[in-house]
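Just so you know, the sequence shown maps onto residues 1 to 81 in the numbering used here.
The beta-carbon is built from N, C-alpha and C at its ideal position, and this holds for glycine as well.
None of these values were measured; they are calculated from a predicted model.
What follows is a single structure, written as structure tokens, with notes after it.
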Amino acid sequence: MAVNWYFDIRESEYGWIKPENTVNVDEGGIMAGFGLDSLVIGSSDPRRKAFLKGSQSRTWTTFIEAVTADGRLLKPGIIFK
Numbered sequence: 001m002a003v004n005w006y007f008d009i010r011e012s013e014y015g016w017i018k019p020e021n022t023v024n025v026d027e028g029g030i031m032a033g034f035g036l037d038s039l040v041i042g043s044s045d046p047r048r049k050a051f052l053k054g055s056q057s058r059t060w061t062t063f064i065e066a067v068t069a070d071g072r073l074l075k076p077g078i079i080f081k
């Protein structure tokens, strides 16, 4: 069966990597300062670019979270730009 073959190959190639050293990382972001005073100008055709006119005082806050394969949660990171 293909599933067993995959896990056999994976174990032989990468079995030396410990679960505590296998990390899944995800990031997300929030835009602050994006309000009702903005205007989007563009075509309804998704292949064409649209332009956003509005306040240039927007800032991004990015958060990063990670968990190891053995279930440990690592401290989240927050980046203010």
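Check                                                                                                  : Outcome
Determine which residues share a DSSP beta bridge with residue 24 and list them.                       : 67
Using the C-alpha atoms, what's the distance from residue 47 back to residue 12?                       : 45 Å
Contact check, residue 79 vs residue 62 under 8 Å by CB: the rounded distance?                         : 4 Å
Which of helix, strand or coil does DSSP assign to residue 5?                                          : helix
Between which two residues does the beta strand (DSSP E) carrying residue 78 extend?                   : 73-80
Using only alpha-carbon positions, find the residue among 45, 71 and 77 that is nearest to residue 21. : 71
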